[in-house]
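Taking full-length UniProt numbering, the leading residue of the sequence shown gets 1, the next gets one more, and so forth.
The C-beta atom is built at its ideal place from N, Cα and C for all residues, glycine as well.
These figures come from a predicted structure and were not determined experimentally.
First up is the structure itself, then whatever we jot down about it.
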Amino acid sequence: MKYLIIVLVILTIGSIAAGFIFETAYSQKMIGFGTVGLFLVVFPLFTYHRWKDRNFKDYMLTKENLDKMRNKEKNKF
């Protein structure tokens, strides 16, 4: 997964750069497809890859987590 994301980032950035560098009839499409690929394919894959083994309850503001934060703040001083 990690290497797939790296390859896709290189391809999308390469497409965007090629669209700016080469003056062809489809250079605007290269920039557009690179941007769409980056934001609709690479970022969701990256987000999934980074968050797949985490517990979402640790990051939600529940009563237990708020109490933990308050106790940690009291113990700090």
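For a cut-off of 8 Å, the C-beta gap from VAL36 to ILE5 is around 16 Å, too long to register as a contact. By the criterion of a C-beta distance shorter than 7 Å, MET1 is surrounded in its chain by HIS49, once the five residues flanking it on both sides are discounted. Distances from the alpha-carbon of GLY14 to those of LYS74, LEU61 and PHE33 put PHE33 closest. A buried status is given to MET30, since no fewer than 16 other beta-carbon atoms sit within 10 Å of its beta-carbon. Annotated as proximal: LEU38 and THR12, with beta-carbon spacing under 7 Å. Sequence-distant partners of ILE16 (beyond 5 residues in either direction) whose C-beta falls short of 8 Å from its own C-beta, in its chain, are MET30, ILE31, GLY34, THR35 and LEU38.
If you look at GLU23, you'll find it isn't in any alpha helix (DSSP H); DSSP assigns it neither H nor E. For MET69, the enclosing alpha helix (DSSP H) starts and ends at 63-76.
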